[in-house]
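In full-length UniProt numbering, the protein residues as written are 1 to 129. Just so it is clear, CB atoms sit at the ideal spot from N, CA and C, and this is done for glycine as well. To start, the structure itself, in structure tokens.
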């Protein structure tokens with residue numbers, strides 16, 4: 001029961017943070033590109049990388065960090081990051097006749113998120129020595 005509560009709480013907080021960050025960042029953008037979604041995916045990749053690095057990838061069930069991973073890795077990051085929104089944004093750009101922006105969104109998000117998760121992981125590992 002505790003695991004479910006931890007998961008649901010992490011997911012609820014992640015969803016609210018995703019919504020607020022996407023609105024805030026998109027509001028600041030002076031051009032029509034899904035920077036709100038991109039910012040959420042980048043920061044979520046960084047966060048999950050840091051978390052994984054901090055607990056040294058000991059993410060399996062029964063580990064001493066199981067509830068921490070469940071709350072933040074699965075719950076928060078799972079509802080915070082936005083693969084489905086990113087996919088829809090990319091499709092929308094293509095359907096609107098802007099395939100070059102769709103391609104930029106596709107490549108930029110993939111490469112930048114991989115960079116962020118790697119940076120976060122290495123940073124998290126460095127913090128625990």
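Nearest-angstrom Cβ-Cβ length linking residue i and residue j, presumed shorter than 8 angstroms
i           : j           : result
residue 36  : residue 23  : 7 angstroms
residue 129 : residue 51  : Not really, about 16 angstroms apart at Cβ, beyond 8 angstroms.
residue 3   : residue 67  : 7 angstroms
residue 48  : residue 117 : 6 angstroms
residue 136 : residue 15  : A query on residue 136 cannot be resolved here, the shown segment of the chain reaching from 1 to 129 and no further.
residue 75  : residue 120 : At roughly 17 angstroms, the Cβ-Cβ gap does not stay under 8 angstroms, so residue 75 and residue 120 are not in contact.
Exposure of residue i, with buried meaning 16 or more beta-carbon neighbours within 10 Å
i          : result
residue 6  : buried
residue 12 : exposed
residue 38 : buried
Other residues of its chain near residue i: CB distance less than 7 angstroms, five sequence neighbours each side excluded
i          : result
residue 26 : 35 and 36
residue 93 : 101, 102 and 105
Cβ-based neighbour list, residue i, same chain, cut-off 8 angstroms, excluding 5 preceding and 5 following
i          : result
residue 86 : 34, 37, 38, 41, 105 and 109
Where the alpha helix (DSSP H) through residue i begins and ends
i           : result
residue 141 : Residue 141 is absent from the model: the chain starts at 1 and stops at 129.
residue 130 : Any question about residue 130 goes unanswered here, given that the chain covers just 1 to 129.
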